[in-house]
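This report concerns only the one structure given below.
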Amino acid sequence: MAFLNEGYLKLKAGYLFPEIGRRVREYQTAHPDARIIRMGIGDVTRPLAPSVIKAFHEAVEEMGNESTFKGYGPEQGYEFLRKAIVDNEFISRGVNIDIDEIFISDGSKCDTGNILDIFGKNNRVAIADPVYPVYVDTNVMDGRTGPMLENGYYENIVYMPCKEENNFLPQIPSQPVDIIYLCFPNNPTGATIDKATLKKWVDFALEHRAIILYDAAYEAYISDATLPHSIFEIEGARECAIEFRSFSKTAGFTGTRCAYTILPKSVKAYDPQGNAHPLHALWLRRQTTKFNGVSYPVQKAAAAIYTDTGKKEVRDTIAYYMENAAIMRKSLESVGFKVFGGINAPYLWVKTKDNMGSWEFFDYLLHKLQIVGTPGAGFGPSGEGYIRFSAFANRDSVLEFTDRIKKLA
Ligand code: MLT
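Under the numbering used here, the first residue of the sequence shown carries the number 22, and numbering increases by one thereafter.
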């Protein structure tokens, strides 16, 4: 008899975005002529930048030529990409990261889930609410939680409610925890964290010998020069943090797949006898055993964003999305919505109309205006009463969105 992983049986709902997709498909089938505007999942719409495409083509050509063909690459990524990342993302900001502390992967979603392989099941995990659902679900799958309670929280997770009254910022737990998930700029709320506040988290982690899993997938959307792009800008973080970055939202790689994790060799966790072990060695072992790396053409394409032209093209695309965010924000506010985020992040976190529930408002918008958002409650109980709109649509859809939203005046 084969036994299953009981963690999966504890999961209460399907993954959020497929559920939204199901409802939208059902509506579209019943209303084939409806022109639906999709502001739900944060998926990009601008094509890959010309320099990225050029590098991609050239690398594909290399793969077709015996003298330049490449088989398996290094599991942790080609050095040309890791060096470009270190030079452009870290040294340029005065942050000391070694090339071998960068691990190239096929996505931050995968990395934030996979990283749990190197952590014991007995760790007490602190997670914001609302939150990117992957952090919670992967811990449930991994057996680090009890069942879901009536309040929508899983037993054994320390939740950190993020509400309007605390500027959607998680508060430092009153009890010791071992693993802390932070995501800034935040998905879903668009909230940001300043250096002084982030320093308090680093100090807390150092005090409790905890580890911060820092998701910086949206750092490229920061326009406020005082905000940190990386947790490693904070003193002490090299001892207690692992950071996740992605080319998905930075450079349109959601379909192409390329991301990276930064794991400093100085980050340590403990065995039951209290001996410290560097996690770098464990992650390297995990990746070299379970992963064969990202394809050469994709890594060449990713490295092209660090050329002078590539940098400009990527900046222009980000500016395009952030202009979308500004247009959407203005139109929502003009008809009385309370809007958060959308300034240093591509997500707008919006209070629902007339205090409707998140899913009720989702259905209302779909049926009345044929607009798709993401129900705040899908990100956790504290997201109830909110909806998230993504600014990644094309401009025509954004303008159509503003026309339709005005009907709610
Ligand atoms: C989202 O909409 O929250 C993102 O697309 C999820 C992701 O990046 O996996």
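No residue lacks a Cβ here, since even glycine has one placed at the ideal position from N, Cα and C.
- For residue 395, the shortest separation between its Cβ and any heavy atom of the ligand MLT lies below 8 Å.
- Across the set 407, 24, 318, the C-alpha of 407 shows the shortest separation from the C-alpha of residue 185.
- Taking residue 380 as the centre and dropping the five residues before and after it, the same chain places the C-beta of 396, 398 closer than 7 Å to its C-beta, in chain order.
- Nearest to residue 281 by alpha-carbon distance, out of 124, 173, 212, is 124.
- Per the Cβ contact rule, the segment 375-393 is not in contact with the segment 214-234 (fewer than 3 Cβ pairs under 8 Å).
- Inclusion of residue 155 in the 8 Å shell around the ligand MLT follows from its C-beta lying nearer than that to a non-hydrogen atom of the ligand.
- When DSSP states are grouped into helix, strand and coil, residue 366 belongs to the coil group.
- Rounded to the nearest angstrom, the gap between the Cα atoms of residue 268 and residue 278 is 8 Å.
- For residue 168, the three-state secondary structure derived from DSSP is coil.
- Short of 6 Å from the beta carbon of residue 189, and not among the five residues preceding or following it, lie these beta carbons of its own chain, in chain order: 183, 210, 212.
- With a 10 Å radius around the Cβ and a threshold of 16 neighbouring Cβ atoms, residue 383 comes out buried.
- In the structure shown, the three-state DSSP call for residue 80 is helix.
- With 16 or more other Cβ atoms from the protein chains shown falling within 10 Å of its own Cβ, residue 320 counts as buried.
- Under a 10 Å Cβ-count criterion, residue 196 is classified as exposed, with fewer than 16 other Cβ atoms of the shown protein chains found around its own Cβ.
- Looking from the CA of residue 128, the closest CA among 102, 276, 23, 27 belongs to 276.
- Judged by beta-carbon spacing, residue 238 lies beyond the 9 Å limit of residue 261, meaning their Cβ atoms are not closer than that value.
- Taking a cut-off of 8 Å for Cβ pairs, the segment 247-260 and the segment 102-120 touch, as three or more such pairs fall below it.
- In the three-state reduction of the DSSP assignment, residue 410 falls in the strand class.
- Residue 103 counts as buried, since at least 16 other C-beta atoms from the protein chains shown sit within 10 angstroms of its C-beta.
- Nearest to residue 342 by alpha-carbon distance, out of 331, 304, 271, 303, is 271.
- Around the CB of residue 415, fewer than 16 other CB atoms lie within 10 Å, so the residue is classed as exposed.
- Here residue 180 carries a strand assignment [DSSP, helix/strand/coil].
- In summary, residue 53 is exposed, with fewer than 16 beta-carbon neighbours lying within 10 Å of its beta-carbon over all protein chains present.
- Pairing residue 324 with residue 76 gives a Cβ-Cβ distance under 9 Å.
- Counting the other Cβ atoms within 10 Å of the Cβ of residue 404 gives 16 or more, which makes it buried.
- When DSSP states are grouped into helix, strand and coil, residue 274 belongs to the coil group.
- With respect to residue 150, residue 169 sits apart: the two C-beta atoms are not nearer than 9 Å.
- Here the distance from the Cβ of residue 39 to the nearest heavy atom of the ligand MLT is not below 8 Å.
- No heavy atom of the ligand MLT is found nearer than 8 Å to the CB of residue 221.
- The nearest non-hydrogen atom of the ligand MLT is 8 Å or more from the C-beta of residue 428.
- In the structure shown, residue 280 falls within a strand segment according to DSSP collapsed to helix, strand and coil.
- Checking the 8 Å criterion, the Cβ of residue 209 is within range of a heavy atom belonging to the ligand MLT.
- According to the DSSP assignment, residue 131 belongs to the alpha helix (DSSP H) that extends over 129-135.
- Cβ contact annotation for residue 140 (same chain, cutoff 6 Å, sequence separation greater than five): none.
- Distance from the CA of residue 84 to the CA of residue 354, rounded to the nearest whole angstrom, comes to 51 Å.
- For residue 346, the enclosing alpha helix (DSSP H) starts and ends at 329-355.
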